[in-house]
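Here's the structure we're looking at; comments come further down.
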Amino acid sequence: VVVEDQPDVSAVLSAYNQQGDPTLYEEYYSGLKHFIECSLDCHRAELSQLFYPLFVHMYLELVYNQHESEAKSFFERFHGDQECYYQDDLRVLSSLTKKEHMKGNETMLDFRTSKFVLRISRDSYQLLKRHLQEKQNNQIWNIVQEHLYIDIFDGMPRSKQQIDAMVGSLAGEAKREANKAKVFFGLLKEPEFDVPLDDEDEEGENEEGKPKKKKPKKDSAGSKSKKQDPNAPPQNRIPLPELKDSDKLDKIMNVKEAARRVRLGPDCLPSICFYTFLNAYQGLTAVDITDDSSMIVGGFADSTVRVWSVTPKKLRSVKTAADLSLIDKESDDVLERIMDEKTASELKILYGHSGPVYGTSFSPDRNYLLSCSEDGTVRLWSLQTFTCLVGYKGHNYPVWDTQFSPYGYYFVSGGHDRVARLWATDHYQPLRIFAGHLADVTCTRFHPNSNYIATGSADRTVRLWDVLNGNCVRIFTGHKGPIHSLAFSPNGRFLATGATDGRVLLWDIGHGLMVGELKGHTDTIYALRFSRDGEILASGSMDNTVRLWDAVKAFEDLETDDFTTATGHINLPENSQDLLLGTYMTKSTPVVHLHFTRRNLLLAAGAYSSQ
Amino acid sequence: MEPAKMASPKSAPKDAQVMAQILKDMGITEYEPRVINQMLDGCVPKGYVTTILEDAKIYSSHAKKSSVDADDVRLAIQCRTDQSFTSPPPRDFLLDIARQKNQTPLPLIKPYSGPRLPPDRYCLTAPNYRLKSLQKKVSSSAGRITVPRLSVGAVSSRPSTPTLGTPSAQAVSVSAKVGTPVSLTGQRFTVQIPSSQATVKAATPTTPTVQNVLINPSLIGPKNILITTNMVSSQNTSGDPNPLKRKHEDDDDYDNL
Numbered sequence: 001v002v003v004e005d006q007p008d009v010s011a012v013l014s015a016y017n018q019q020g021d022p023t024l025y026e027e028y029y030s031g032l033k034h035f036i037e038c039s040l041d042c043h044r045a046e047l048s049q050l051f052y053p054l055f056v057h058m059y060l061e062l063v064y065n066q067h068e069s070e071a072k073s074f075f076e077r078f079h080g081d082q083e084c085y086y087q088d089d090l091r092v093l094s095s096l097t098k099k100e101h102m103k104g105n106e107t108m109l110d111f112r113t114s115k116f117v118l119r120i121s122r123d124s125y126q127l128l129k130r131h132l133q134e135k136q137n138n139q140i141w142n143i144v145q146e147h148l149y150i151d152i153f154d155g156m157p158r159s160k161q162q163i164d165a166m167v168g169s170l171a172g173e174a175k176r177e178a179n180k181a182k183v184f185f186g187l188l189k190e191p192e193f194d195v196p197l198d199d200e201d202e203e204g205e206n207e208e209g210k211p212k213k214k215k216p217k218k219d220s221a222g223s224k225s226k227k228q229d230p231n232a233p234p235q236n237r238i239p240l241p242e243l244k245d246s247d248k249l250d251k252i253m254n255v256k257e258a259a260r261r262v263r264l265g266p267d268c269l270p271s272i273c274f275y276t277f278l279n280a281y282q283g284l285t286a287v288d289i290t291d292d293s294s295m296i297v298g299g300f301a302d303s304t305v306r307v308w309s310v311t312p313k314k315l316r317s318v319k320t321a322a323d324l325s326l327i328d329k330e331s332d333d334v335l336e337r338i339m340d341e342k343t344a345s346e347l348k349i350l351y352g353h354s355g356p357v358y359g360t361s362f363s364p365d366r367n368y369l370l371s372c373s374e375d376g377t378v379r380l381w382s383l384q385t386f387t388c389l390v391g392y393k394g395h396n397y398p399v400w401d402t403q404f405s406p407y408g409y410y411f412v413s414g415g416h417d418r419v420a421r422l423w424a425t426d427h428y429q430p431l432r433i434f435a436g437h438l439a440d441v442t443c444t445r446f447h448p449n450s451n452y453i454a455t456g457s458a459d460r461t462v463r464l465w466d467v468l469n470g471n472c473v474r475i476f477t478g479h480k481g482p483i484h485s486l487a488f489s490p491n492g493r494f495l496a497t498g499a500t501d502g503r504v505l506l507w508d509i510g511h512g513l514m515v516g517e518l519k520g521h522t523d524t525i526y527a528l529r530f531s532r533d534g535e536i537l538a539s540g541s542m543d544n545t546v547r548l549w550d551a552v553k554a555f556e557d558l559e560t561d562d563f564t565t566a567t568g569h570i571n572l573p574e575n576s577q578d579l580l581l582g583t584y585m586t587k588s589t590p591v592v593h594l595h596f597t598r599r600n601l602l603l604a605a606g607a608y609s610s611q
Numbered sequence: 001m002e003p004a005k006m007a008s009p010k011s012a013p014k015d016a017q018v019m020a021q022i023l024k025d026m027g028i029t030e031y032e033p034r035v036i037n038q039m040l041d042g043c044v045p046k047g048y049v050t051t052i053l054e055d056a057k058i059y060s061s062h063a064k065k066s067s068v069d070a071d072d073v074r075l076a077i078q079c080r081t082d083q084s085f086t087s088p089p090p091r092d093f094l095l096d097i098a099r100q101k102n103q104t105p106l107p108l109i110k111p112y113s114g115p116r117l118p119p120d121r122y123c124l125t126a127p128n129y130r131l132k133s134l135q136k137k138v139s140s141s142a143g144r145i146t147v148p149r150l151s152v153g154a155v156s157s158r159p160s161t162p163t164l165g166t167p168s169a170q171a172v173s174v175s176a177k178v179g180t181p182v183s184l185t186g187q188r189f190t191v192q193i194p195s196s197q198a199t200v201k202a203a204t205p206t207t208p209t210v211q212n213v214l215i216n217p218s219l220i221g222p223k224n225i226l227i228t229t230n231m232v233s234s235q236n237t238s239g240d241p242n243p244l245k246r247k248h249e250d251d252d253d254y255d256n257l
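Chains as they are written, first to last, in full-length UniProt numbering: chain W, 1 to 611; chain D, 1 to 257.
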């Protein structure tokens, strides 16, 4: 069980005990700065990590204790020394000049009461400690101990490049022990089906599969190994809904489609079909596509949710109760008969939210749709009656993202209140609350086995949470801006993340390490998706492009003996250019959503913006 | 929409210039021109400031001070922000409730339970309207609803065939195609009205427009006309009243009367 940083309540409540004389803060800081700049090259990069957290903490202490003029001159003197990727934070700080300003800013308050984590090699640390324990540096040593947590590792000091790849978050880096818990990243076993072979028109029969004259083909994906995958969670680790008949039919259809799936690779890139939303006037805020690619939903800034049918088959709602009582329930096409032909249309508009809709998610069985909004609620809509069924209230602040579990029934939401919540459709209150982020939770995704949830936040960290007990089992740092997209690889082992810094970072979940960095995009990455078998990673960005990356190569080149979690990092190769398989420009349409069909055709969506 | 780099300083009013300067200080360089108008309207500095100053005046007079000073203003701001701008809960509170919530094990899922929704009172599936003219629901043929003042024409004459005006559910009139002229003296009607769902079709000239009208001839006389129709609720799929089922076979007999 990983214990989160509990803020020391007494330290928060009591008037902040003065760490030295506030008028001398500038001297403390410049003294340390001088020491670090004069240190040996090999240590300087590591020790320079102290600048930013110390600067922010000391500034906030001055403001909090109402030494306004000292705070101002402190800021003026040293803010230019900080790394470029902290500029957004510094701009926020520059407007925080009075204690009252801090009161409403939960992120800054959280920052003040948490310890910023730095990872430094033992040699560099010894150097620093020796210097700070000299008598005249007592005050700065106190400050360091108060606000910083130094995670020491044995190994070579890191180069500036290595450090730059992994720093950037508001909380510093992750302690190694934060990433040590065992994570069951394997997939759950799928039930076995006998799928009748080949015949295009033959509907999936029941799972016994009347073979007729052909030998039934077993679902190869499910029956790979008879023994339990040690990395997969036990089937009943978390309760999951049982498979209904319609789900089984869907799975059989999935297997059949998989057989006709295109094998992608560097020599065989997917075709991309782009759905452009016209006349959205920058109001398109969320998009989702069903797994079988039959429906697409758009969430808009005018608080509507619009559902379109992608296939020629129109959207119909079920008949009214009176008419339903008239139909023959025993007939074979009862599922067709319950639909009311008079309501057939290509578009259904769902009204109900009172604010822009920031996230949408179809249920895997296509019966329900979720939408989350700035009004603080998550709404569940029926795709059979096209009406709203439930409004889940809990976040009282804008909800930025929501997603159904891959098995249905559960869903996750994350919002401005800095937590993510796990809900079940039949509970009006959340089942789990995932608290720990310092700033808004901007992106939430389920792991393919539904036992874990990844959250990306405006505090520039990505966290992995265990659904069973709500613990944070992984913390990934490295992005320099809020995270807006997350994607798990189909085999469950890896996570890809995209942020406003234009980088895609790749993480090995089992080991808890960053294993790749894909540079190329020049603006926020809003969409990430792995192809159905994990060979290709597609990324879509505000820079109006879709890029395809070679996922197989990105993950296979890793030497397993580099995975020494003793140090907590591996040497990242500079291979973005090699991994980039293609860049596809759109006509001034930022890419908001990506989806691989069951046959590995890539669908993309965005709203045309005439700039 | 073209993003503006900066509002043109010469032609814009002073407020807009101030707003543009604020945006620039906060590091926002690209924005649409109407953002400034929205900000002026929304966070109307004038309105906010006057409200604060008024509050501050009240506080200072309460403290029997001769003029408003900084403390009064500070107090006024604090009270206003507590009212109008709430901020999300602090972290220790969140960690606390998270710990409580996460301790309870995940509930087991009941198999084969149909759509998994919370109890009805937490859902939005109930009808959010009530039909005005309906007093009580009809439960069986014995029960009768008195519909006050359902005008079916003059008392002693044969009822004129009122047309079904708008397909509004409440205004249901019965076109009495009863063969014999019926005196309507002292009639009591029970009418169950179809819901606003369009089961009430637009008035067709010939057939009665009210569906499933049961007029039991044995009950027609100088005394009572018993009319019951289907109550079809568009939203409630549960608990259909008995008349619905009963209508089925009666329809064939009494439709198109």
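Don't be surprised by glycine CBs; every beta carbon is placed ideally from N, CA and C.
- Shown here is that no member of the region 40 to 69 of chain D has a Cβ falling below 9 Å from a Cβ of chain W.
- Per DSSP, reduced to three states, the secondary structure at residue 498 (chain W) is strand.
- Taking a beta-carbon distance threshold of 8 Å, residue 468 (chain W) counts as an interface residue toward chain D.
- Put simply, the CB of residue 128 (chain D) is far from chain W, with every gap to its CB atoms at 8 Å or more.
- Residue 546 (chain W) and residue 535 (chain W) have their C-alpha atoms some 16 Å from each other.
- Residue-level contact check: residue 23 (chain D) does not touch chain W, since none of the beta carbons of chain W fall below 8 Å from its beta carbon.
- Residues of chain W with a Cβ closer than 7 Å to the Cβ of residue 89 (chain D) are, in chain order, 417.
- For residue 252 (chain W), the enclosing alpha helix (DSSP H) starts and ends at 245 to 259.
- In the structure shown, residue 363 (chain W) falls within a coil segment according to DSSP collapsed to helix, strand and coil.
- Under the Cβ criterion of 8 Å, residue 123 (chain D) is counted among the residues facing chain W.
- Look at residue 403 (chain W) here: in three-state DSSP terms it is strand.
- Chain D has a Cβ within less than 8 Å of the Cβ of residue 435 (chain W).
- Between the C-alpha atoms of residue 389 (chain W) and residue 462 (chain W) there is a straight-line separation of about 32 Å.
- Closer than 8 Å to the CB of residue 428 (chain W) there is at least one CB belonging to chain D.
- Proximity of chain W to residue 37 (chain D) at the Cβ level (cut-off 7 Å) is not reached, the minimal Cβ distance being about 17 Å.
- At least one CB of chain D lies nearer than 8 Å to the CB of residue 238 (chain W).
- Taking each of W:320, W:288, W:302 and W:303 in turn and checking the Cα distance to residue 309 (chain W), the smallest one comes out for W:288.
- Residue environment for residue 344 (chain W): exposed (fewer than 16 other C-beta atoms within 10 angstroms of its C-beta).
- Taking C-alpha positions only, residue 285 (chain W) is separated from residue 387 (chain W) by approximately 21 Å.
- Beta-carbon to beta-carbon, residue 93 (chain W) and residue 59 (chain W) are separated by about 6 Å, close enough to satisfy the 8 Å threshold.
- Close CB contacts of residue 149 (chain W) within its chain, under the 6 Å cut and outside five residues either way in sequence, are with 115 and 117 (chain order).
- Residue 278 (chain W) sits in coil when the DSSP states are folded into three classes, being neither helix nor strand.
- Closest in C-alpha terms to residue 21 (chain W), from the list W:138, W:152 and W:398, comes W:138.
- According to the DSSP secondary-structure assignment, residue 582 (chain W) is paired through a beta bridge with W:548.
- Between residue 358 (chain W) and residue 401 (chain W) the beta-carbon gap is near 7 Å, inside 8 Å, which marks them as a contact.
- Between the C-alpha atoms of residue 31 (chain D) and residue 19 (chain D) there is a straight-line separation of about 12 Å.
- Assigned with DSSP and collapsed to three states, residue 382 (chain W) falls in strand.
- Interface flag for residue 106 (chain W) against chain D is set, since a Cβ pair is found closer than 8 Å.
- Not flagged as an interface residue toward chain W: residue 114 (chain D), since no C-beta distance is shorter than 8 Å.
- Distance from the CA atom of residue 190 (chain W) to the CA atom of residue 391 (chain W), rounded to whole angstroms, is 32 Å.
- For residue 392 (chain W), DSSP records a beta bridge to W:378.
- For residue 593 (chain W), the pairing in a beta bridge is given by DSSP as W:605.
- For residue 466 (chain W), there is no enclosing alpha helix (DSSP H); the residue is found in the beta strand (DSSP E) stretching over 461 to 466.
- Distance from the CA of residue 427 (chain W) to the CA of residue 146 (chain W), rounded to the nearest whole angstrom, comes to 42 Å.
- Listed in chain order, the positions of the region 71 to 88 of chain D with a beta carbon within less than 9 Å of a beta carbon of chain W are 74, 77, 78, 81, 85, 86, 87 and 88.
- Sequence-ordered contacts of the region 373 to 403 of chain W with chain D read 388, 389, 390, 391 and 397 [C-beta pairs closer than 7 Å].
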